[in-house]
Structures are given as structure tokens and as C-alpha cells.
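Protein chains: 2
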Amino acid sequence: MQQDTSFGVLTGNNIEARSFKAGGVIFREGDVANELFVIKSGQVRIQIGNRTVTELGQESIFGEMALIDSEPRSATATAITDVELVPVSEKQFLFLVSQTPYFALKVMRVLAQRLRVTNKTFG
Amino acid sequence: MQQDTSFGVLTGNNIEARSFKAGGVIFREGDVANELFVIKSGQVRIQIGNRTVTELGQESIFGEMALIDSEPRSATATAITDVELVPVSEKQFLFLVSQTPYFALKVMRVLAQRLRVTNKTFG
């Protein structure tokens, strides 16, 4: 079943985006974390060590793990192309979860899909 | 950091539990799913193929993946000891997510922790 995991609604024109050039490191495994990102444009690679976990495009989120469990970054994120990212702070994240249950469900879907992919890769 | 992922509040005395004998199969990988479970007592093993993904005790939840993404069961759950489980239907789950943001965050923490464990095992 196709699941809606688009977070495009969070990349509206009034929100300031952060830009990274192709090849730039957005964050590194082990970094302290206090925000997640929505991809406004471009593509991002998520790696653990040398292993690429996933590659993500427009309207995807990443960096949500560290926000959920208050642990350091579990992976490294790099810009594949030039990218524009909309940061979502921990405070904004908690607000979204509490005010919009649909947002919470979409974040859960992202996590569940990543677990399924990981389990299929290594199962 | 120790994270609260206890769902004991859902196993109150007024809720009817479902019992499984040690060794009994609770659900199988590929099964159609419409509920998650909270462990009221006992221990449960989660397996994908022959690989044990995790073993869970009292107040843990499992079976949440299929509820979140409406896919079949991603793993097989077996009773290690005699167990008592409190089922949570999809409807109850959606109600809990929408009414209690703290519940949503705890479910996200469970998923994030499982992803971290899986990534560490195979990273």
C-alpha cells in the first residue's frame, strides 16, 4: 500500500530554508542534535559508516531519530545535489506531534518503513 | 539516556487480557494485522525468519509496525514464557495517538530504538 510520507506542507514559502552545496555534510554520526530537516529541494544521502542506508528526495524528512530519543545522530547526512532544507526544532516537533496527530502518524510511518527496509536488507 | 517506553498504563485491571502458553505463536510474519499488543506479564520473542530481533518483557509493546503502515506482520511473535497480552485495536491506537501526544512519542521512541539496535547489529 502506498503511504503518504510527504512533509511538503512544512516547506511553505514563508519558512527560511538552509542551503548545502552538493557534497556538503549536513550532520555527522555522533553529533548532538536538536532539529530534524524537511527536504525542500535536492537529494540527501544517509550513511552509517560506509554503508548508505537510504537516499531521500523532496518532501522527505530526516534527522528525526535523534529528536525522538534524545540520543546523538545515528547516521551521517550528506547533500548529493545542492539542497535546500527546512529545519524543524525540537520544540516545533513536539508542538506538531501534540497538535496534529496526522503528523505523528506520518513520522511513525517513516520509522516503520525504515525498519522494514533494514530488516529486509539483513533478514 | 533512559527513555520511558513503558506502556503499563494500558494493562489496567479492567482490560481483558489474552493468554498464550510458553512456546505459543502470537502472530506470524505475513499475517494480516489489526492490533498491537501490550505485554501484561511474561516474555515475548520477535523473529524474522530464524533471526531473533528482540525479546520483550512486561509493559513493552509489539505489533505496532503493521498498524502504523497497514502492511502485513513484518515478524513472528512467540511466547517465551506463559504470557498475558492486552490487545490494542487500530481504532484504539488512532484514538490514543490523537488524544495523547505522549503516547505517540513513546511509540516513536520504540521504533527509533529498534532502528538503532538494528543499525548497530548490521552497521
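Line by line, the protein sequences are chains D and F. As numbered in numbering that gives the first Met the number 0, residues 0 to 122 make up the first sequence, in order. As numbered in numbering that gives the first Met the number 0, residues 0 to 122 make up the second sequence, in order. Using N, Cα and C, we set each Cβ at its ideal position, and we do this for glycine too. All figures in this text were calculated on a predicted structure; none of them were measured in a lab.
Item                                                                                                                   : Value
Stretch-stretch touch, CB-based, cutoff 8 Å, three pairs: the region 67-81 of chain F with the region 16-36 of chain D : no
Given 8 Å, three or more beta-carbon pairs between the region 87-100 of chain D and the region 93-111 of chain F       : yes
Per DSSP, the bridge partner or partners of residue 53 of chain F                                                      : F:45
Local conformation of residue 27 of chain F per DSSP, three classes                                                    : coil
Residues sharing a beta bridge with residue 100 of chain D, DSSP                                                       : Per DSSP, none; premise fails for residue 100 of chain D.
Short CB-CB distance (under 9 Å) between residue 37 of chain F and chain D                                             : no
Inter-stretch contact at 8 Å, needing at least 3 Cβ pairs: the region 25-45 of chain D / the region 75-83 of chain D   : yes
Closest by C-alpha distance to residue 42 of chain F, when choosing among F:49, F:55, F:105                            : F:55
Residues of the region 48-62 of chain D with Cβ closer than 7 Å to any Cβ of chain F, in chain order                   : 48, 50
Whole-angstrom distance between residue 92 of chain D and residue 53 of chain F, CA atom to CA atom                    : 29 Å
Spatially closest choice to residue 11 of chain D from D:109, D:83, D:110, by CA coordinates                           : D:83
CB contact flag (residue 37 of chain D, residue 59 of chain D, <9 Å)                                                   : yes
Contact set for residue 18 of chain F: own chain, Cβ-Cβ below 6 Å, skip 5 residues either direction                    : 83
Whether residue 61 of chain F touches residue 35 of chain F by CB criterion (9 Å)                                      : yes
CA nearest to the CA of residue 33 of chain D, picked from D:39, D:51, D:90, D:47                                      : D:90
Coarse secondary structure for residue 15 of chain F, derived from DSSP in three states                                : coil
Closer than 9 Å to chain D by CB, residue 70 of chain F                                                                : yes
Assigned secondary structure, residue 65 of chain F (DSSP; H/G/I helix, E/B strand, else coil)                         : helix
Bounding residues of the beta strand (DSSP E) (the contiguous stretch that carries residue 36 of chain F)              : 34-40
Local conformation of residue 111 of chain D per DSSP, three classes                                                   : helix
Where residue 100 of chain D meets chain F, residues with beta-carbon distance less than 9 Å                           : 93, 96, 97, 98, 100, 103
Short CB-CB distance (under 9 Å) between residue 112 of chain D and chain F                                            : yes
Alpha-carbon spacing of residue 7 of chain D relative to residue 105 of chain D, whole angstroms                       : 12 Å
Supposed contact pair residue 117 of chain D and residue 114 of chain F - C-beta distance, whole angstroms, cut 8 Å    : 7 Å
Where residue 123 of chain F sits in the DSSP three-state scheme                                                       : Lying outside 0 to 122, the shown extent of chain F, residue 123 of chain F is not represented and no answer is given.
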